Every structure is written in C-alpha cells, then in structure tokens.
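Take 320 as the starting number for the sequence shown in this note's numbering and just add one per residue.
Glycine included, every Cβ here is placed at the ideal spot set by N, Cα and C.
All figures in this text were calculated on a predicted structure; none of them were measured in a lab.
Below is one structure, written out as structure tokens; comments come after it.
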Amino acid sequence: MSPPLNVAILTFPRSQVLDVTGPAMVFDAGNDAVGRPHYQVRIVSAGGGLIQTSSAVALMSESIADLPAHSVDTLLIAGGDACGLQALTTDETVRHWVVEASQGARRYGSICTGTFVLAHFGLLDGRRVATHWSACSTLARGFPEAVVDTHALFVNDGRLWTSAGVTTGIDMS
C-alpha cells in the first residue's frame, strides 16, 4: 500500500475556520470511502502552533518548516480577513514554501480570499480563477494578469483550483 498523500491546508491568524475545516472533512470522508488513509490532512501555518481564526476558534497547526514543500500532493490556501492575508503575503518564508509546494504539487488552490495569496506570489498569471464575490473587483484590479470569473462557484484551470467562498471550498474539495 502506498503512503497517504499530503494535503496541506495553509492557515493563518484571522483565517476563516470553515476554509480549513470544510476541505479537511472532505478529504477525511475520502479516506472513509476507500477504507484506508489515502490522504493525510496537514493543517500548516508559518510558525505552527495554535492559530486563532476570525471566529475565535483556535486550530492546531504544524509549521511549514516541518513539512517539506516537495512532499505536498495538494495545497490549499485558506481565506480570511485582509490583515491576516496581508501578513501572510509579506512573509518571505511562506512565499518560498507556497511557490515551491505549488510547483511540485499535483494540484493547488485556494478557498475564498485565499486567492489573494496565490496572486501575490505570482501563481495566478494567465489563469482563470474564482474568489469571494465581494473581492472579485479588487482581485481583478490588483492582479490584472489573473482572469477573474465573477460568476463561478469554483474554477479548475489545469492543476489550479479556486473557490468563490467558504462553503464552495467544500464543494471544490
């Protein structure tokens, strides 16, 4: 039997709890469906430890330093509030890890406003994407290289998957 595939879900302070837990539950259900641990969900953050989400629910995470980027099969970036996203996009260690993981992953993507992280790191250029309806115009203005689909619930463009909102991240996963 082959080892489980690493599904890394990147979270950060003030992220949306359902952006993390919704997809995590989908991959866990996939394990139940096949009757074995096909996926290993890894909730990761810049430094590891407890991460307080925007709803005050704390999530335990492991540091990205403890998960080699090349070992990631699926990478998902959670969305969250603007301050949390800004802090994440200015962290050079996170940038390096996300870019390396996305280049080697079978698939990568984002939930809701996590799309901004991928955009800041240059991973959406020339790609069709979805994000939360309230952020579509901001994403399109700030990152004109990305093709923002304002009507899609989620978009698959090659190895890239993006969803429009919290619960559509569950559908996408």
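- The beta carbon of Val418 lies closer than 6 Å to those of Phe440 in the same chain, with the five residues before and after it left out.
- Collapsing the DSSP output to three states places Arg460 in a helix.
- With respect to Ala424, Thr393 sits close: the two C-beta atoms are nearer than 8 Å.
- Annotated three-state conformation of Leu443 is coil, per DSSP.
- Contact between the stretch 425-438 and the stretch 335-343 is established, with three or more Cβ pairs separated by less than 8 Å.
- A contact between stretches requires three or more CB pairs, one per stretch, nearer than 8 Å, and the stretch 325-340 meets this requirement with the stretch 353-363.
- With a beta-carbon spacing of about 7 Å, Ser334 and Ser373 fall inside the 8 Å limit used to define contacts.
- Per the Cβ contact rule, the stretch 474-482 is in contact with the stretch 442-460 (3 or more Cβ pairs under 8 Å).
- With a threshold of 16 other beta carbon atoms within 10 Å, His451 meets it and is buried.
- Beta-bridge partners of Leu324 (DSSP): Tyr358.
- Within the same chain, and ignoring the five residues on either side of Gly367 in sequence, the residues whose Cβ sits closer than 6 Å to its Cβ are Ser380, Glu381 and Ser382.
- In the structure shown, Gln405 falls within a helical segment according to DSSP collapsed to helix, strand and coil.
- Boundaries of the alpha helix (DSSP H) around Ala343: Val336 to Val353.
- Of Gly399, Tyr358, Gly484 and Trp416, the smallest CA-CA separation from His470 is found for Gly484.
- Separation of the CB atoms of Ser421 and Asn325 is rounded to 13 Å, and the pair is thereby denied contact status at 8 Å.
- For Phe435, the three-state secondary structure derived from DSSP is helix.
- Excluding five sequence positions before and after Gly398, the CB atoms of its chain that fall closer than 6 Å to its own CB belong to Gln335, Asp338, Ile430, Cys431, Thr432 and Gly433, given in chain order.
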